[in-house]
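K.L.:
Throughout the sequence shown, residue numbering follows the working numbering, covering 26 to 591 in sequence. From the three backbone atoms N, C-alpha and C, an ideal C-beta is built for every residue, glycine too.
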Amino acid sequence: MKETIDWKELSEVEKLKYESNFLRGTLVESLADPITGAISDGDTQISKFHGIYQQTDRDLDKERKHQKLEPAYSFLIRLRMPGGKFTPAQWLKMDALSDKYANGTLKLTTRQTFQLHGVLKKDLKNTISEMNEELLDTIAACGDVNRNVMSHANPAESPFHAEVIHLATQISEHLMPRTTAYHEIWLDKKLVANSKQDEEPLYGVRYLPRKFKIAVIIPPNNDCDVFSQDLGFIAIVEKDRIIGYNVVVGGGLGSTFGMPETYPRTGTVIGYCEAEQVIEVAEKVLLVQRDNGDRKNRKQARLKYTIDRMGVNEFKTEVEKLLGYELQKEKPYKLEKNGDDYGWKKGTDNKWHLTYFVEGGRVRDAGKQQLKTALREIAQTIKGDFILTGNQNLIIAGVNAAEKKQVDGIFKKYGVAPEKISGLRKNSIACVALPTCPLAFAEAERYLPDLITKIEGILNEFGLLKEEIVIRMTGCPNGCGRPYLAEIGLIGKSPGYYNLYLGGNFNGTRLNSLYKATISEEEILSELRTIIADFAKNRNAKEHFGDFVIRKEYVEEIREGKEFKH
Ligand code: SRM
Ligand code: SF4
């Protein structure tokens with residue numbers, strides 16, 4: 026029997042989820058409607074749970090309107106791949122699908138997976154079913170459920186890499202929606218008559234109040250920005266094995282300009298659990314959020330707000346009640362950085378692993394620089410893995426010495442041999458923003474590379490070209506490139522104008538703070554020049570840029586999300 030719910034009280038999406046018959050909505054009808062390239066409004070929400078977002082090409086919107094045409098609708102498809110590890114065959118499949126059905130590029134995201142952009146409605150089903158041939162799926166890549174689970178990316182850095190990917194996969198599978206809607210709609214797997222009705226034992230019919238994100242890291246590398254996750258696990262290594270994990274809850278970065286009650290928040294460490302307890306801890310944290318998260322106001326629905334409302338102690342007590350035991354006291358750990366280390370490294374497995382910088386995470390052929398072709402040939406040549414990092418980069422992993430030479434040769438042949446890049450560019454992230462993202466106020470992916478070239482000019486003047494500084498840009502305050510954890514954060518305000526945030530730290534444990542609002546490129550460069558000049562002259566030995574700007578009081582240190590100002 027269905028519960029009685031006062032729908033007036035709740036956000037619209039709550040009703041849509043409830044009435045969707047376990048995420049079916051009217052997707053089948055929407056896909057079959059030949060009149061429009063769009064799906065119905067309700068289905069645009071439900072499709073997210075299947076990894077699909079409806080978009081328009083914003084570069085074309087004005088012209089299409091002028092011509093009285095409907096917008097150029099197309100779809101973004103996002104994959105689920107815990108830990109970001111793909112086989113060469115899976116890489117080749119994505120490469121082929123990007124040409125066959127999408128815009129010819131591959132986007133490596135900040136959560137270690139692929140996005141295809143520009144897929145037309147008529148091609149959605151073929152794209153997803155062809156992915157499935159290589160065991161790739163898009164289930165729960167978006168929507169109010171647990172999303173792609175991230176984990177430490179570089180096998181060369183830790184002998185425990187395989188163990189944490191395995192854990193990320195187990196968590197992802199444990200927290201997957203159980204509905205068969207995905208298989209029915211996209212893969213034509215019909216339910217057997219009178220078979221058991223769908224059930225969602227974990228999520229219930231209304232799923233979670235909002236998206237939910239998990240990552241697993243192995244210190245000293247914080248490459249998944251564990252403090253930005255709803256739930257994070259920090260591996261504790263003793264006597265050559267992972268004995269357990271510190272548990273971090275309530276990170277989250279999205280916020281909205283003009284709404285001070287929305288803010289980025291770094292997660293809080295609430296204790297430690299044994300390795301065997303991770304799955305149940307993940308489940309119980311998710312359940313406490315399911316039952317206590319705000320379902321009236323989606324802008325207050327993330328776990329970070331639930332925790333700030335309940336208080337950390339009460340939240341922890343609720344989790345422990347469900348667990349039936351108390352979490353242990355957190356164990357000491359040290360984080361050194363949140364970026365990737367580039368180049369070839371030999372792992373303890375005696376295999377070679379190459380971390381390759383992919384600017385803005387966009388894989389494409391551009392003139393003489395044929396990255397996409399090079400990676401296709403590498404995938405056809407090697408037996409290793411393609412691991413996507415949380416910083417939009419790529420690791421060609423697990424190759425032997427002979428293959429290593431071949432990889433180098435292929436990159437060279439296609440004009441994309443790894444170059445020496447500045448410490449700033451190495452540590453850069455830009456979200457997608459324009460032209461596909463409907464929420465972007467300003468450019469990010471298409472603009473940050475040029476802005477960095479200009480800032481590099483300044484750094485070069487002061488002998489700081491090699492200085493590692495984390496810079497991140499997004500086209501709006503939603504935080505997809507995790508800009509609030511950068512030493513230099515730039516967040517789009519309107520076309521050509523950005524808020525400049527300073528003072529995040531190099532290991533991703535501190536939020537930055539607003540330095541200047543709504544400034545142009547000229548002002549960004551002039552403000553940064555003054556601070557960089559001061560940094561070159563007055564920094565302490567080994568002091569990072571983000572720590573320097575706080576010590577010199579360019580900005581005040583933010584200790585908790587609630588102090589954050591836009
Ligand atoms: Fe994101 C929405 C792209 C990581 C916070 N994000 C979007 C949408 C789907 C826009 C929309 O709702 O229509 C963007 C699609 C743009 C496009 O055309 O591709 C989008 N988000 C991305 C990606 C592709 C950025 C990238 O350049 O890599 C990342 C995909 C990750 C993945 O594979 O799952 C991406 N998004 C993030 C992150 C970073 C992370 O998870 O580590 C965040 C901040 C962390 C967090 O969640 O707090 C993030 N995205 C958001 C939000 C704000 C959520 C909030 O709590 O307020 C939105 C908007 C929303 O949900 O209402 C959003
Ligand atoms: Fe779009 Fe904003 Fe996310 Fe960038 S940060 S991808 S502009 S939602």
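Lys125 by DSSP, collapsed to three states: which one?
P.N.:
Translated into the one-based positions of the sequence shown, residue 125 becomes position 100. DSSP places Lys125 in helix when its eight states are reduced to three.
K.L.:
Would you mind sorting Ser45 into buried or exposed? The rule is 16 or more other CB atoms within 10 Å of its CB.
P.N.:
Taking the first residue of the sequence shown as 1, we reach residue 45 at position 20. Buried, since its Cβ has 16 or more Cβ neighbours within 10 Å.
K.L.:
Specify the secondary structure class of Phe436 as computed by DSSP and reduced to three states.
P.N.:
Mapped onto the sequence shown, residue 436 falls at position 411. In the structure shown, Phe436 sits in a helix (DSSP, three-state: H, G or I).
K.L.:
Along the chain, where does the beta strand (DSSP E) containing Ser526 start, and where does it finish?
P.N.:
Along the sequence shown, read from residue 1 onward, the residue named residue 526 stands at position 501. It should be noted that the sequence gives Tyr, not Ser, for residue 526. For Tyr526, the enclosing beta strand (DSSP E) covers residues 522–527.
K.L.:
At what residue ranges does the region 486–515 contain a whole run of the alpha helix (DSSP H), taking only runs of 4 or more?
P.N.:
none
K.L.:
Is any beta-carbon of chain B found at less than 8 Å from that of Glu581?
P.N.:
Note that chain B does not occur in the displayed structure, where there is just one protein chain.
K.L.:
In chain order, what residues of the same chain lie with their CB nearer than 7 Å to the CB of Lys356, ignoring the 5 residues before and after it?
P.N.:
Taking the sequence shown and counting its residues from 1, one reaches residue 356 at position 331. Correct list, in chain order: Ile261, Asn271, Tyr297.
K.L.:
Just to check my reading of the structure: Ser453 and Arg497 have Cβ atoms closer than 8 Å, yes? What is that Cβ distance to the nearest angstrom?
P.N.:
Within the sequence shown, numbered from 1, the residue matching residue 453 stands at position 428. Within the sequence shown, numbered from 1, the residue matching residue 497 stands at position 472. Between Ser453 and Arg497 a beta carbon distance of about 7 Å is seen, short of the 8 Å cut, so the two are scored as contacting.
K.L.:
Which value, in whole angstroms, describes the spacing of the CA atoms of Leu553 and Asp559?
P.N.:
Within the sequence shown, the letter at position 528 stands for residue 553. Within the sequence shown, the letter at position 534 stands for residue 559. If I take the Cα positions, the gap works out to 10 Å.
K.L.:
May I ask whether a heavy atom of ligand 2 can be found less than 7 Å away from the beta carbon of Cys456?
P.N.:
Along the sequence shown, one-based indexing puts residue 456 at 431. Yes, since a heavy atom of ligand 2 falls inside the 7 Å radius drawn around the Cβ of Cys456.
K.L.:
Any heavy atom of ligand 1 closer than 7 Å to the beta-carbon of Lys321?
P.N.:
If you number the sequence shown from 1, residue 321 lands on position 296. Lys321: no, Cβ never under 7 Å from ligand 1.
K.L.:
To the nearest angstrom, how far is the alpha carbon of Gln140 from that of Leu52?
P.N.:
As a position in the sequence shown, residue 140 is number 115, starting the count at 1. As a position in the sequence shown, residue 52 is number 27, starting the count at 1. Answer to the nearest angstrom: the Cα atoms are 21 Å apart.
K.L.:
Thinking just about the alpha-carbon of each residue, which of Gly506, Leu41, Pro180 is nearest to the one in Asp410?
P.N.:
Locating residue 410 in the sequence shown gives position 385, where the first residue counts as 1. Selected option, being the one with the closest Cα: Pro180.
K.L.:
Verify the contact flag: Tyr207, CB atom, against every heavy atom of ligand 1, threshold strictly below 7 Å.
P.N.:
Locating residue 207 in the sequence shown gives position 182, counting from the first residue. In terms of side-chain proximity, the C-beta atom of Tyr207 is found no nearer than 7 Å to any non-hydrogen atom of ligand 1.
K.L.:
Determine the DSSP secondary structure at Arg136, reduced to helix, strand or coil.
P.N.:
Taking the first residue of the sequence shown as 1, we reach residue 136 at position 111. Looking at Arg136 - three-state DSSP - the assignment turns out to be coil, as it is neither helix nor strand.
K.L.:
Please look up how many angstroms separate the CB atoms of Gly440 and Gln395, rounded, as I've assumed it's under 8 Å.
P.N.:
Here residue 440 is taken as the residue at index 415 of the sequence shown, counted from 1. Here residue 395 is taken as the residue at index 370 of the sequence shown, counted from 1. Correct: roughly 6 Å between the Cβ atoms.
K.L.:
In three-state DSSP terms, what is Lys541?
P.N.:
Position 516 of the sequence shown, counted from the first residue, corresponds to residue 541. In this structure, Lys541 counts as strand in the three-state DSSP scheme.
K.L.:
Terminal residues of the continuous alpha helix (DSSP H) containing Phe560?
P.N.:
In the sequence shown, counting from the first residue as 1, residue 560 sits at position 535. It spans 546–563 - the alpha helix (DSSP H) in which Phe560 sits, taken as one unbroken run.
K.L.:
Pick from His177, Ile239, Phe487, Arg172: whose alpha carbon is nearest that of Ala561?
P.N.:
Locating residue 561 in the sequence shown gives position 536, where the first residue counts as 1. The option with the nearest alpha carbon to Ala561 is Phe487.
K.L.:
Report yes if the CB atom of Leu133 is closer than 8 Å to the CB atom of Gly386, and no otherwise.
P.N.:
For the purposes of this step, residue 133 is taken as the residue at position 108 of the sequence shown. For the purposes of this step, residue 386 is taken as the residue at position 361 of the sequence shown. Yes, they are a contact pair.
K.L.:
Looking only at C-alpha atoms, which of Gly521, Gly529, Ala465, Thr461 sits nearest to Ile494?
P.N.:
Here the question's residue 494 lines up with position 469 in the sequence shown. With distances taken between CA atoms, Ile494 lies nearest to Gly529 out of Gly521, Gly529, Ala465, Thr461.
K.L.:
Can you give me the Cβ contacts of Asp82 inside the same chain, cut-off strictly under 6 Å, excluding the 5 residues immediately before and after it?
P.N.:
Numbered from its first residue, the sequence shown carries residue 82 at position 57. Same-chain partners within the cutoff: Ala97, Pro460.
K.L.:
Can you tell me whether Lys587 is buried or exposed, with buried defined as 16 or more other CB within 10 angstroms of its CB?
P.N.:
Numbered from its first residue, the sequence shown carries residue 587 at position 562. The residue in question, Lys587, is exposed, as its Cβ has fewer than 16 Cβ neighbours within 10 Å.
K.L.:
Let me check one thing: in DSSP terms, what residues is Thr380 bridge-paired to?
P.N.:
The residue you call residue 380 lines up with position 355 of the sequence shown. In DSSP, Thr380 forms a bridge with Gly368, Ile420.
K.L.:
Please report the straight-line C-alpha distance between Ile332 and Gln353, rounded to a whole angstrom.
P.N.:
Sequence index remark: in the sequence shown, residue 332 carries index 307 (1-based). Sequence index remark: in the sequence shown, residue 353 carries index 328 (1-based). A direct Cα-to-Cα measurement between Ile332 and Gln353 gives close to 19 Å.
K.L.:
List, from N- to C-terminal side, the alpha helix (DSSP H) runs of 4 residues or more that fit wholly inside the region 287–338.
P.N.:
303–317, 328–335
K.L.:
Could you spell out where the alpha helix (DSSP H) holding Leu56 opens and where it closes?
P.N.:
Mapped onto the sequence shown, residue 56 falls at position 31. Run containing Leu56: 52–57, per the alpha helix (DSSP H) assignment.
K.L.:
Is Asn503 near ligand 2, with its Cβ less than 7 Å from a heavy atom?
P.N.:
On the sequence shown, position 478 is the one that residue 503 refers to. Yes, ligand 2 has a heavy atom inside 7 Å of this Cβ.
K.L.:
Using only the heavy atoms of ligand 1, determine whether one of them is closer than 7 Å to the beta carbon of Thr81.
P.N.:
For this step, residue 81 is matched to residue 56 along the sequence shown. Closer than 7 Å to some heavy atom of ligand 1: that does not describe the Cβ of Thr81.
K.L.:
Should Leu141 be listed as close to ligand 2, given that the test is whether its C-beta is under 7 Å from any heavy atom?
P.N.:
Position 116 of the sequence shown, counted from the first residue, corresponds to residue 141. Leu141: no, Cβ never under 7 Å from ligand 2.
K.L.:
By DSSP, does Ala260 sit in helix, in strand, or in coil?
P.N.:
For this step, residue 260 is matched to residue 235 along the sequence shown. Residue state, collapsed to three classes: strand.
K.L.:
Could you say which of Asp86, Arg203, Ser197 lies nearest to Ala307 if we only look at CA atoms?
P.N.:
Start at 1 with the first residue of the sequence shown, and residue 307 comes out as number 282. Ala307 has its Cα closest to that of Ser197, out of Asp86, Arg203, Ser197.
K.L.:
Of all the options Leu347, Gly506, Leu311, Leu200, which has the alpha carbon lying nearest to the alpha carbon of Arg327?
P.N.:
To locate residue 327, count along the sequence shown from 1; it is residue 302. Closest by alpha carbon: Leu311.
K.L.:
Sort out for me which residues DSSP pairs Gly269 with in a bridge.
P.N.:
Here the question's residue 269 lines up with position 244 in the sequence shown. DSSP lists Ile261, Glu299 as partners of Gly269.
K.L.:
Grouping DSSP H, G and I as helix and E and B as strand, with all else coil, what is Gln70?
P.N.:
By one-based count along the sequence shown, residue 70 stands at place 45. It is helical.
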